[in-house]
Amino acid sequence: ERNHTEYLKYEGPTDPTHTGSLGNTLSYKGLHLNVFLTYAFGNVVRLDPKFKAYYGDMASMTHAFINRWQAAGEEARTDIPTILSRRQYATNNNLRYAYNGYNYSTARIAKGDFIRLKEISLAYDLPTSLIKRTPLRSASVKVQATNLFLLYADKKLNGQDPEFFNIGGVASPTPRQFTLTLKLGL
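Residue numbers (this note's numbering): 5 to 190.
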């Protein structure tokens with residue numbers, strides 16, 4: 005019996021081996037700037053299959069096909085497969101599986117490493133001289149943004165969020181949130 009696992013190549017773990025966060029607050033004369041970063045490193049993600057055996061009116065080709073193999077000798081310049089003609093498919097039923105060799109190859113693996121700007125906020129404490137004639141003991145205003153963007157991710161991901169590759173690719177990205185807070189001390 006044939007061992008079908010002999011062709012497999014281990015590319016790395018799908019879960020990050022290192023995760024963490026860094027945060028810091030800088031304060032100066034009533035202004036408080038808070039920056040919070042999260043990161044994960046040490047994993048790989050398999051990119052979604054991009055190439056199909058057949059394309060029609062309802063299924064367009066990706067822009068990656070621009071760099072496809074088109075003539076003999078170009079395999080040294082690109083690893084993107086050629087587009088097969090309808091006639092080639094008609095004469096060989098096995099060609100419908102041809103793109104799986106590329107879709108599930110090491111060429112479709114990306115690093116899952118990322119650094120995310122998770123939160124940034126700027127707060128201002130109103131001076132007591134401004135609020136001394138009011139019933140307030142203190143007052144501050146804060147603007148805050150959460151989940152703004154990735155500072156670093158593998159370019160092969162083309163802007164896709166590496167945190168969502170292991171959940172089937174159907175999840176919505178984490179939404180950006182913007183908050184304005186008014187804090188009053190009585």
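Glycine included, C-beta positions come from ideal geometry on N, C-alpha and C.
Tell me whether Gly116 is buried or exposed, calling it buried when 16 or more other Cβ atoms sit within 10 Å of its Cβ. With 16 or more other Cβ atoms within 10 Å, it is buried.
Tell me the rounded alpha-carbon separation between Phe168 and Asp52. Roughly 12 Å separates the two Cα atoms.
How far does the alpha helix (DSSP H) with Arg81 in it extend, from its first residue to its last? Unbroken run through Arg81: none, as it is neither H nor E.
Please list the terminal residues of the continuous alpha helix (DSSP H) segment that includes Gln92. For Gln92, the uninterrupted alpha helix (DSSP H) run begins and ends at 90-95, by DSSP.
Compute the distance between the beta-carbons of Thr29 and His36, then report whether it is under 7 Å. Yes.
I'd like the list of long-range same chain contacts for Leu99, defined as Cβ closer than 8 Å, with 5 residues on each side in sequence excluded. Here Leu99 has Ala57, Leu88, Gln92, Tyr93 as same chain residues with Cβ atoms under 8 Å from its own Cβ, once five neighbours each way along the sequence are excluded.
Evaluate the contact criterion for the stretch 5-22 versus the stretch 77-85: three or more CB pairs, one atom per stretch, below 8 Å. Flag = no, the stretch 5-22 and the stretch 77-85 do not touch.
Please state the DSSP three-state secondary structure of Leu26. The answer is strand: DSSP assigns Leu26 an E or B state.
Alpha carbon to alpha carbon, how far is Ser142 from Thr132? Give it in angstroms, no decimals. Straight through space, the alpha carbons of Ser142 and Thr132 are spaced by roughly 7 Å.
Given this structure, state the Cα-to-Cα distance separating Asn151 from Ser25, to the nearest angstrom. Rounded to the nearest whole angstrom, the CA to CA distance from Asn151 to Ser25 is 13 Å.
Is the Cβ-Cβ distance between Glu123 and Phe45 less than 7 Å? Their beta carbons are not under 7 Å apart, which means Glu123 does not touch Phe45 by this criterion.
Whose CA, out of Leu190, Glu10, His8, Leu186, lies closest to the CA of Ala1? Because the chain in this structure spans residues 5 to 190, residue 1 falls outside the shown range and cannot be described.
Boundaries of the alpha helix (DSSP H) in which Ile70 is found, first to last residue: Counting along the chain, Ile70 falls outside any alpha helix (DSSP H), and DSSP gives it neither H nor E.
From Val145, Leu130, Leu154, pick the residue whose C-alpha is nearest to that of Lys33; which is it? Comparing Cα positions, the closest option is Leu130.
Between which two residues does the alpha helix (DSSP H) containing Asn104 stretch? Taken as a continuous stretch (DSSP letters only), the alpha helix (DSSP H) holding Asn104 covers 104-107.
Among all the DSSP beta bridges, which residues are the ones paired with Gln181? In DSSP, Gln181 forms a bridge with Thr150.
How long is the line joining the alpha carbons of Asn7 and Asp158, rounded to whole angstroms? Annotation: Asn7 to Asp158 spans about 34 Å, alpha carbon to alpha carbon.
Is the Cβ-Cβ distance between Phe69 and Tyr103 less than 7 Å? Cβ distance not < 7 Å, so Phe69 and Tyr103 don't count as in contact.
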